[in-house]
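Numbering-wise, the sequence shown is residues 1 to 146 according to the numbering used here.
From the three backbone atoms N, C-alpha and C, an ideal C-beta is built for every residue, glycine too.
Please read the structure below before turning to the comments.
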Amino acid sequence: MLDEILCHKFDELILKAKDVAMDHIQKMISKTPSDFVWIQSESIRPSFDDIRFQYENQVFSVLIKIFHNGHEITPPKRQKTFVDETRKHNMIPCIFPIEFEFLPPDCQPGEPNPIDPENLPEYDLIPRFSEDLNLFHAETDAAISL
């Protein structure tokens, strides 16, 4: 049931996840002097990626993968389309894994905590590896370092 709700609300989740990912990447890149710029990408669906940026002379295309309790809730077809499109446009395909976590419910112990399919309860989106860029090459799974 919960996975169905999360998939139903995927567009809402991905918009919030983009903010988390961009803040994280910006924070990590700002630690070193660099030639870095965000590239505007489509914020509507269908879109093959979620974020794009240029670092020095390379363009990085980022697909955000959202996980909950170890299960990926990002639609599986997105990665194949993503890799195909990044190849076509000569970009580096990157995955930004992010963990979806519910915040503790605001109810007394023993009280039911019903999940409303139209409104997600309070949650947080957390980069899986917060010490580094949290970017991985989409084809090799190798960590991306700039």
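Identify, in the order they occur along the chain, each residue of the same chain with its Cβ nearer than 7 Å to the Cβ of residue i, setting aside the five sequence neighbours on each side.
i, result
"Q79", "L63, A138"
"K16", "L125"
"K18", "D50, I51, I64"
Leaving out the 5 sequence neighbours to the left and right, which residues in its chain are closer than 8 Å to residue i when beta-carbon positions are compared?
i, result
"E72", "K65, I66"
Would you identify the three-state DSSP class for residue i, choosing helix, strand or coil?
i, result
"L125", "strand"
"D67", "The residue asked about is misnamed: residue 67 is Phe in this sequence, not Asp. Strand."
Looking at residue i: is its Cβ nearer than 8 Å to the Cβ of residue j?
i, j, result
"D50", "I14", "yes"
"M28", "D132", "yes"
"H97", "N57", "The displayed chain sequence assigns Pro, not His, to residue 97. No, the Cβ-Cβ distance between P97 and N57 is not below 8 Å."
"T81", "F48", "yes"
"T32", "S61", "no"
"I92", "V59", "yes"
"F53", "F36", "yes"
"Q55", "L146", "Checking the displayed sequence, the identity of residue 55 turns out to be Tyr instead of Gln. Yes, these two residues count as a Cβ contact at 8 Å."
What is the residue span of the alpha helix (DSSP H) that residue i lies within?
i, result
"F179", "Here the chain has residues from 1 to 146 only, and residue 179 is not among them."
"I25", "10-29"
With respect to the beta strand (DSSP E) encompassing residue i, which residues constitute its N-terminal and C-terminal limits?
i, result
"F48", "Neither: F48 is in no beta strand (DSSP E) and is coded neither H nor E."
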